[in-house]
Structures are given as C-alpha cells and as structure tokens.
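Colleague: After the structure tokens below, expect a handful of questions from me.
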Amino acid sequence: MTIVDKVDHPVIGVHDLEAARSAFARLGFVVPPAGKHEEWGTTNVCIMFPNDYLEIRGIADATRFLAGLDKFLEKGEGFSGVAFSTANATDSYQKCVEHGLEAHPPKELNRKLALSDKTLSLKFRTMALAPELHPGLTHANLCEHLTPDVLRQPGWVDHPNGALGFRKLVGVVEDHDSAYVNYSRLLGADRVHRFDKRLLLDFGRGAIIELIDPSEASQRGEAQPARDPAYLASATIQVKSASRLTDLFLENGIGFETNGKRVSIDPYDAAGARLHFEEK
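Numbering (UniProt numbering), first residue to last: 1 to 280.
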C-alpha cells in the first residue's frame, strides 16, 4: 500500500504575502511572482528547489474558501502544514477508503501565475487528510501535479544562498503511541521508526519528518505555546555552503546562530517560520 510518496512541500501561512516575499528575498532565495488559486480565496508564492519547494500562502479574498488559513493566522504566522506528493490522487483516495482511512475526495485546483513574458496555468489535484492521520503537522494533504513540466522555470532553483531543498521537518505531538499507530496506517509501518522520545518518518527520499514531544520542543527552543498541542514547529533546509550562507546573512543584516555547519535564524526574519540551514 502506497498512499503517500514523499514530502512535496511545507506551507507557511502569512498575513502579508508581499512582506513575506521581501523577507525571503533578503534570506537569499529566488522568489517567483505571486500566483492565485482560482477556486479558493488564497494567493501564494512557491520557492522552488530541484525536488521539493516551499509554499508561502496568504489571503486574497476572505469571503471564499481558505482551507483553514484564516483560523491558523489567528494565532500568528508560521508553518501551517505539509503537502505530500502522490502520483495519482484518485488512487490514493481509493486506497484510503479501502483501508478505512478518512480523507476527502480529490479536487482539482488551478493556479494562475503571470510572468513578464507569459502566464502559467498550473494545475494539480489535492486531497485533504483527516487530522488524526497527521498529528504534529498542523494540516496535511496529498498533491498530484498535473503540469509538472512548467512548475519550475529557468533560474528558479538557483538561489544566491545555495539552498538545495528540505532535509527535515519537525513536528510536536503529545501522544506518541497514537501518532505511531496513525502514521503506520497512512505510510506503512516500514516508514515509521520509533525511538525513546521521538518518531521518525522516512520516505526513502526527500525530507524526513521528526516528531518530538512538547518538553523536547522546549529544550530545543522550538515550542510554540500559542499553537495546539500538535503542530509543525520547524524545517531544516540543505545548503551548499554554510559560510556562503552566513556571509549573505551578514551582508543583508540577518541575525543568525551557528552550531557547526548548522545555521539558525529568528522566525521574525522568515515570516514567523522557524528555519534552520545545514551544509550538504
């Protein structure tokens, strides 16, 4: 049974998308123009890497469907969820039904993105998962890209900060027993590894997901008391060179902390998201 392929992209929810675009440009990312979900009231930018990407999502029309973004933002900006990739959302949904896993039927979504010389029409199929199936991720859905060939345009993955993609996402959960059972049902037991105080979700490629308890989150400085007991806390991005990254941060006035080849920044500089960077 393969319902989920791997981590496709985490999502950051923001009040002001243009301010977030500027913030991530200062961090040394290539930030494409904003696009609009035609069926929803949300707008976004997607910072591309070769094998995954970061979505930053804001509200364009509060009277339309917002996929819970408005409620999330009541407690501030930051990581609001994860999209997993699937080769076929319809097949994944049928497997969920067959195995008694609660999920919403797939829906097609269109995103228009105006560039200087053309307009991209990006299409995908999305399937939301029931909250009990993804503890520690705030929100999760499956995403099937229907126009993958135009998703990444020339130059979009060539970031001045040397970013290559996501290495790890960290979520916080109180009940590891329940999380282990539910993720084993969704992903298969071979992808869910249990340790003394944490769970590790390993998809065989792409980012891994580490689930820790609230006390460990506090020790790491990643606790977010305003959030629900289970939430997505942080992400680590792989970079070509830690020294190249810190040079860019110094030039752009970005504060940071280092621990060996690991560089961490304040959420204030990343639209409320807790970001770490590690040299490849």
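No residue lacks a Cβ here, since even glycine has one placed at the ideal position from N, Cα and C. These figures come from a predicted structure and were not determined experimentally.
#1: Is the distance from the Cβ of residue 263 to the Cβ of residue 164 below 9 Å?
#2: So is residue 224 buried or exposed if we call it buried at 16+ other beta carbons inside 10 Å?
#3: Would you mind stating whether residue 84 and residue 25 have Cβ atoms separated by less than 9 Å?
#4: Since residue 208 contacts residue 92 with CB under 8 Å, what's their CB separation in whole angstroms?
#5: Let me know the beta strand (DSSP E) ranges lying completely inside the segment 68-121, each 3 residues or longer, listed in chain order.
#6: Out of 168, 52 and 40, which has the shortest C-alpha to C-alpha gap to residue 65?
#7: At what residues does the beta strand (DSSP E) containing residue 25 begin and finish?
#8: Going straight from the alpha carbon of residue 162 to that of residue 100, what length do you get?
#9: Hey, out of 206, 199, 203 and 204, whose CA is closest to residue 213's CA?
#10: Restricting to Cα atoms, I'd like to know which of 132, 51, 21 and 32 is closest to residue 178.
#11: Cβ atoms of residue 37 and residue 110: under 9 Å apart, would you say?
#12: For my contact list, residue 233 and residue 172 are in at a C-beta cut-off of 8 Å; report their separation, rounded to the angstrom.
#13: Answer yes or no: do residue 46 and residue 35 have a C-beta to C-beta separation smaller than 9 Å?
#14: Using 9 Å as the threshold, is the C-beta distance between residue 108 and residue 125 below it?
#15: Whole angstroms is fine: what's the gap from residue 149's alpha carbon to residue 142's?
#16: Is residue 33 buried or exposed, if buried means 16 or more other CB atoms sit within 10 Å of its CB?
#17: Where do the N-terminal and C-terminal ends of the alpha helix (DSSP H) with residue 216 fall, by residue?
#18: Run the CB neighbour count on residue 195, radius 10 Å, all protein chains shown included, and call it buried at 16 or more, exposed below.
#19: Taking only runs of the beta strand (DSSP E) that begin and end inside the segment 230-262, which ones reach a length of at least 3 residues, in chain order?
#20: Let me know the secondary structure DSSP gives residue 150 once reduced to three states.
#21: What is the C-beta distance between residue 78 and residue 272, in whole angstroms, given that I count them as a contact (C-beta under 8 Å)?
#22: For the alpha helix (DSSP H) that residue 181 lies in, which residues bound it at each end?
#23: Does residue 106 pass the burial test, meaning 16 or more other C-beta atoms within 10 Å, or should it be called exposed?
Modeller: In short:
#1: By one-based count along the sequence shown, residue 263 stands at place 263. By one-based count along the sequence shown, residue 164 stands at place 164. Cβ distance not < 9 Å, so residue 263 and residue 164 don't count as in contact.
#2: For the purposes of this step, residue 224 is taken as the residue at position 224 of the sequence shown. Looking at its Cβ environment, which holds 16 or more other Cβ atoms inside 10 Å, residue 224 is buried.
#3: The residue given as residue 84 occupies position 84 in the sequence shown. The residue given as residue 25 occupies position 25 in the sequence shown. Cβ atoms of residue 84 and residue 25: not closer than 9 Å.
#4: Position 208 of the sequence shown, counting from 1, holds the residue named residue 208. Position 92 of the sequence shown, counting from 1, holds the residue named residue 92. Incorrect: roughly 20 Å between the Cβ atoms, too far for contact.
#5: Counting whole runs of 3 or more residues, the segment 68-121 contains the beta strand (DSSP E) stretches 78-85 and 107-114.
#6: By 1-based counting over the sequence shown, the position of residue 65 is 65. Ranking 168, 52 and 40 by Cα distance to residue 65 puts 40 first.
#7: Translated into positions along the sequence shown, residue 25 becomes position 25. Careful: residue 25 lies outside any beta strand (DSSP E), inside the alpha helix (DSSP H) at 17-26.
#8: Counted from its first residue, the sequence shown places residue 162 at position 162. Counted from its first residue, the sequence shown places residue 100 at position 100. Spanning the two alpha carbons is a distance of roughly 43 Å.
#9: For this step, residue 213 is matched to residue 213 along the sequence shown. When each option's Cα is compared against that of residue 213, the closest is 199.
#10: Position 178 of the sequence shown, counting from 1, holds the residue named residue 178. Selected option, being the one with the closest Cα: 132.
#11: As a position in the sequence shown, residue 110 is number 110, starting the count at 1. As a position in the sequence shown, residue 37 is number 37, starting the count at 1. Taking 9 Å as the Cβ cut-off, residue 110 and residue 37 qualify as a contacting pair.
#12: In the sequence shown, residue 233 corresponds to position 233, counting from 1. In the sequence shown, residue 172 corresponds to position 172, counting from 1. Going by Cβ atoms, the distance from residue 233 to residue 172 rounds to 5 Å, so yes, they are a contact pair.
#13: Working through the sequence shown from its first residue, we reach residue 46 at position 46. Working through the sequence shown from its first residue, we reach residue 35 at position 35. For residue 46 and residue 35, yes; Cβs fall inside 9 Å.
#14: Position 108 of the sequence shown, counting from 1, holds the residue named residue 108. Position 125 of the sequence shown, counting from 1, holds the residue named residue 125. Their beta carbons are under 9 Å apart, which means residue 108 touches residue 125 by this criterion.
#15: Within the sequence shown, numbered from 1, the residue matching residue 149 stands at position 149. Within the sequence shown, numbered from 1, the residue matching residue 142 stands at position 142. Taking the straight line from one Cα to the other gives about 19 Å.
#16: The residue labelled residue 33 in the question sits at position 33 within the sequence shown. With fewer than 16 other Cβ atoms within 10 Å, it is exposed.
#17: Start at 1 with the first residue of the sequence shown, and residue 216 comes out as number 216. Start and end: 214-220.
#18: Taking the first residue of the sequence shown as 1, we reach residue 195 at position 195. Exposed, because fewer than 16 other Cβ atoms sit within 10 Å of the Cβ of residue 195.
#19: Runs of the beta strand (DSSP E) inside the segment 230-262: 231-239 and 256-259.
#20: As a working note, residue 150 is residue 150 in the sequence shown. For residue 150, the secondary structure class from DSSP, reduced to helix, strand or coil, is helix.
#21: Your numbering for residue 78 matches position 78 in the sequence shown. Your numbering for residue 272 matches position 272 in the sequence shown. With 8 Å as the limit, residue 78 and residue 272 qualify as a contact, their Cβ atoms being about 4 Å apart.
#22: Position 181 of the sequence shown holds residue 181. Residue 181 -> alpha helix (DSSP H) spans 176-187.
#23: Along the sequence shown, one-based indexing puts residue 106 at 106. The Cβ neighbour count for residue 106, taken over all protein chains shown within 10 Å, is at least 16; the residue is labelled buried.
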